[in-house]
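The sequence shown begins at 1090 in this note's numbering and counts up by one.
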Amino acid sequence: MTTILEPESLYPDTLLEQRIFGPGVRILQGNAKASLTELPEALCAEVEGLMTLRLPVPEEALARFPRLRVVVRMGVGYDKVDRAACARRGITVCNVPDYGTQEVADTAVTLAAALRRGLPLYHDAMRGPSPSAWGVIPNRIVRRFEVQCFGILGLGRIGTAAALRAKALGFRVAFFDPHLPNGVDRALGIERKESLEALLEASDVLSLHTPLTRRTRGLIGAAELARLPEGAVVVNTARGPILDLDALEAGLRSGRIAGAGLDVLPLEPPVPEPPLLRAYRAGEAWLRGRLVILPHIAFHSPEAWEDIRRKSAETMRDVLLRGLSTNVIPPEAE
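Right under this line is the structure:
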């Protein structure tokens, strides 16, 4: 009997998983809220497959799972799993790269479009205790889409979906991704930039779609933001630590950055709150209509929630039970 654990009790039953895994598999659910160490040792001792959504999988937790062979991170990002420690123990790590693609791309482009059409600006202005005059509010954040370059950092599944959406709205679209073969730009009808610097200098909207790795942590800081055209908008629906939040705040305060849309923050939940978030919550006038913050929900829809359940189980089945390499993350991947 093979034992697979879903430690967070994300779903009310395991009927779908049982249909996918078939006979000979025992599926357990736990009640861990913050850490795998909350689970009983006797339970952990039986587990060969582990499927986690929010819980981190650090090296110290792995010692509690002597039979563990496969970890499936129920999402695109895999930075919560200590892959080096897993590799040392012979544990295979997988992710689910093809769920929520539409939702995250929709959110990224919607944030950019809303900011560039002034929707947060007018929303904030009209709902206050002293509503603004009934008319145009002059503000450089509002611009026609077709005169702007929508820059995409990382043209994976989500980045590609965002590119197609931005292009459909009339933006000129450019991207930088050194890992893609020649011709991707021709196939999509968008422009390829040969360096990060070239992308930054062209991007009236910069949308981040790269995974969080050693190389991308802190990738967009003060120097990079300074390369953006005056009055640019920054959107991050990828991972919070890719973008230096203090540098973004400085850019917003100086006026060089016109606006930002953030679905992710460097620390989630943001405790203690960074200065930019405190100013946002306080409704400080200098941020009016310039900043939108979401609580890491870009991935979500009822359809995506079902996708992640099914695709995670299918990935576990393929790798643990069938010996395939579906969605396996190489240990050396950045």
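From the three backbone atoms N, C-alpha and C, an ideal C-beta is built for every residue, glycine too.
Does DSSP put residue i in a helix, in a strand, or in coil?
{"i": "V1159", "result": "strand"}
{"i": "R1229", "result": "coil"}
{"i": "R1406", "result": "helix"}
{"i": "A1339", "result": "helix"}
{"i": "V1185", "result": "coil"}
{"i": "G1344", "result": "coil"}
{"i": "A1134", "result": "coil"}
{"i": "T1190", "result": "helix"}
{"i": "I1180", "result": "coil"}
{"i": "I1109", "result": "helix"}
{"i": "R1115", "result": "strand"}
{"i": "R1328", "result": "coil"}
{"i": "A1321", "result": "strand"}
{"i": "E1280", "result": "strand"}
{"i": "L1430", "result": "What is shown of the chain runs 1090 to 1423, which leaves residue 1430 out entirely."}
{"i": "V1165", "result": "coil"}
{"i": "L1351", "result": "strand"}
{"i": "P1125", "result": "Here residue 1125 turns out to be Leu, not Pro, going by the sequence shown. L1125 falls in the helix class under three-state DSSP."}
{"i": "V1417", "result": "strand"}
{"i": "T1103", "result": "coil"}
{"i": "V1170", "result": "strand"}
{"i": "L1334", "result": "helix"}
On the DSSP letters alone, give me the boundaries of the alpha helix (DSSP H) that residue i sits inside.
{"i": "V1294", "result": "Element bounds for V1294: not the alpha helix (DSSP H) but the beta strand (DSSP E), 1294-1297."}
{"i": "G1248", "result": "1246-1257"}
{"i": "R1304", "result": "It is not in any alpha helix (DSSP H) - R1304 carries neither H nor E in the DSSP assignment."}
{"i": "E1149", "result": "1148-1151"}
{"i": "L1314", "result": "1311-1316"}
{"i": "H1212", "result": "1208-1216"}
{"i": "V1099", "result": "Sequence check: residue 1099 is Leu here, not Val. Unbroken run through L1099: none, as it is neither H nor E."}
{"i": "P1364", "result": "1364-1370"}
Throw me the rounded Cβ distance for the residue i and residue j pair, which I believe falls under 8 Å.
{"i": "G1207", "j": "V1231", "result": "4 Å"}
{"i": "L1380", "j": "G1344", "result": "The pair is not a contact, with the Cβ atoms about 13 Å apart (cut-off 8 Å)."}
{"i": "L1157", "j": "L1139", "result": "6 Å"}
{"i": "F1264", "j": "I1241", "result": "4 Å"}
{"i": "L1117", "j": "T1092", "result": "6 Å"}
{"i": "L1314", "j": "A1336", "result": "6 Å"}
{"i": "D1333", "j": "L1383", "result": "Not a contact, Cβ separation roughly 19 Å."}
{"i": "R1306", "j": "P1330", "result": "5 Å"}
{"i": "F1388", "j": "E1192", "result": "5 Å"}
{"i": "R1254", "j": "V1324", "result": "Rounded, the Cβ-Cβ distance is 12 Å, inconsistent with contact."}
{"i": "A1393", "j": "Y1188", "result": "6 Å"}
{"i": "L1144", "j": "A1121", "result": "6 Å"}
{"i": "E1362", "j": "H1385", "result": "Not confirmed; about 15 Å, so no contact."}
{"i": "E1338", "j": "L1365", "result": "4 Å"}
Is residue j closer than 9 Å to residue i when the C-beta atoms are compared?
{"i": "R1377", "j": "A1201", "result": "no"}
{"i": "S1284", "j": "A1321", "result": "no"}
{"i": "G1164", "j": "A1327", "result": "no"}
{"i": "D1274", "j": "G1243", "result": "no"}
{"i": "T1299", "j": "G1340", "result": "no"}
{"i": "V1262", "j": "A1252", "result": "yes"}
{"i": "L1410", "j": "V1114", "result": "yes"}
{"i": "V1159", "j": "M1405", "result": "yes"}
{"i": "E1149", "j": "T1126", "result": "yes"}
{"i": "A1250", "j": "T1190", "result": "yes"}
{"i": "R1153", "j": "A1134", "result": "yes"}
{"i": "C1175", "j": "P1420", "result": "yes"}
{"i": "R1205", "j": "V1294", "result": "yes"}
{"i": "I1309", "j": "L1297", "result": "yes"}
{"i": "L1151", "j": "R1178", "result": "yes"}
{"i": "T1302", "j": "D1168", "result": "yes"}
{"i": "R1398", "j": "E1106", "result": "yes"}
{"i": "G1119", "j": "S1098", "result": "yes"}
Ends of the beta strand (DSSP E) at residue i?
{"i": "A1291", "result": "That residue, A1291, is in no beta strand (DSSP E); its alpha helix (DSSP H) goes 1285-1291."}
{"i": "R1261", "result": "1261-1265"}
{"i": "L1242", "result": "1238-1242"}
{"i": "E1095", "result": "1091-1095"}
Hey, is residue i's beta-carbon within less than 9 Å of any beta-carbon in chain D?
{"i": "A1315", "result": "Although the question refers to chain D, the structure presented lacks it and comprises just one protein chain."}
Item to check | alpha helix (DSSP H) runs wholly inside the segment 1372-1408, at least 4 long, in chain order | outcome: Scanning the segment 1372-1408 from its first residue to its last, the whole alpha helix (DSSP H) runs of 4-plus residues come out as 1391-1405.
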